[in-house]
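These protein sequence lines are chains A and B, in that order.
For the record, in the first sequence the residue sitting at position 10 is 10 according to my numbering, with numbers rising by one throughout.
For the record, in the second sequence the residue sitting at position 108 is 225 according to my numbering, with numbers rising by one throughout.
All C-beta atoms in this analysis are idealised placements derived from N, C-alpha and C, irrespective of residue type, glycine included.
Model, not experiment: these values are computed from the prediction.
Just below is one structure, and these are the notes that go with it.
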Amino acid sequence: GAGVSQSPSNKVTEKGKDVELRCDPISGHTALYWYRQSLGQGLEFLIYFQGNSAPDKSGLPSDRFSAERTGGSVSTLTIQRTQQEDSAVYLCASSLSGGGSRANVLTFGAGSRLTVL
Amino acid sequence: DAKTTQPPSMDCAEGRAANLPCNHSTISGNEYVYWYRQIHSQGPQYIIHGLKNNETNEMASLIITEDRKSSTLILPHATLRDTAVYYCIVRVARNEKLTFGTGTRLTIIP
């Protein structure tokens, strides 16, 4: 697609429920990143995919968080047993791969705003 | 990745050039300087990047000092829509997590 698409744009859920957030990257971008941003805070890295594998999961805050990517395209971030502190905007980005400098040119989606009541 | 230092906030009058500085004194020879910005409630947006030569695109200009220890992002004619947090990131050309620091909050004054 023309840009990075994320869905849902807004999600309100009750504490303890599971949620799935979806990211559809730019066609041809094999690198995909998830970040989150709590209200008034900075960007927090969660996980990075190269194709379908995740070489860096270092930012996932707990084992309640998981992500997968299939077909080298769409990625899903799953949060199990949501807690109020999970409330944040979850941002997905994609970029080209390879050794060129554009590997660090990330295109971000509009984000999914998660509110846990 | 080399550490970067940016002022926490700056103001600029609308229509004037906004000059945002970034110090990266420990930059290594294969590290690029990248600039992003984040307008309130939106995802970060890539602006420009460079290695050692000055760069210009439709959004901004990037001036890198000869010793590469600092750089300046220039928005030539700032508008109210340029109010955002601007991030300077230094890293090698490799797919890995990109770490966004605290950046500079630029406010364009009418």
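Three CB pairs or more closer than 8 Å across the region 189-207 of chain B and the region 130-145 of chain B: yes
Chain-ordered chain A contacts of glutamate 213/B [CB-CB under 7 Å]: Tyr48, Asp56
Backbone secondary structure at glutamate 131/B - three-state DSSP: Coil at glutamate 131/B, not helix or strand.
C-beta neighbour in chain B for serine 9/A, strict 7 Å: By this cut-off, serine 9/A is not an interface position.
Buried/exposed call for threonine 219/B, threshold 16 Cβ in 10 Å: exposed
Span of the beta strand (DSSP E), counted from its first residue to its last, around lysine 11/A: 10-13
Secondary structure of glutamine 83/A, DSSP reduced to three states: coil
Euclidean distance between Cα positions of glutamine 155/B and leucine 114/A: 19 Å
Backbone secondary structure at arginine 198/B - three-state DSSP: helix
Short CB-CB distance (under 7 Å) between glycine 146/B and chain A: no
Buried/exposed call for histidine 157/B, threshold 16 Cβ in 10 Å: exposed
Assumed close pair serine 150/B, leucine 179/B - CB separation to whole angstroms, cut-off 8 Å: In the sequence on display, residue 150/B carries valine and not serine. Their Cβ separation, rounded to whole angstroms, is 7 Å, which keeps valine 150/B and leucine 179/B in contact under 8 Å.
Simplified DSSP assignment, three categories, for alanine 103/A: Of the three classes helix, strand and coil, the one that applies to alanine 103/A here is helix, per DSSP.
Of the residues Asp199/B, Ile144/B, Asn212/B, Thr143/B, the one placed nearest serine 101/A, counting alpha carbons only: Asn212/B
Check whether glycine 51/A and glycine 72/A have beta carbons under 7 Å apart: yes
Cβ neighbour criterion (16 or more within 10 Å) applied to aspartate 18/A: exposed
Close-in-space but distant-in-sequence residues of the same chain around alanine 54/A (CB under 6 Å, 5 per side omitted): Taking alanine 54/A as the centre and dropping the five residues before and after it, the same chain places the C-beta of Ile47 closer than 6 Å to its C-beta, in chain order.
Closest residue to arginine 185/B among Ile226/B, Tyr153/B, Ser145/B (Cα-Cα distance): Proximity to arginine 185/B across Ile226/B, Tyr153/B, Ser145/B peaks at Ser145/B, based on C-alpha coordinates.
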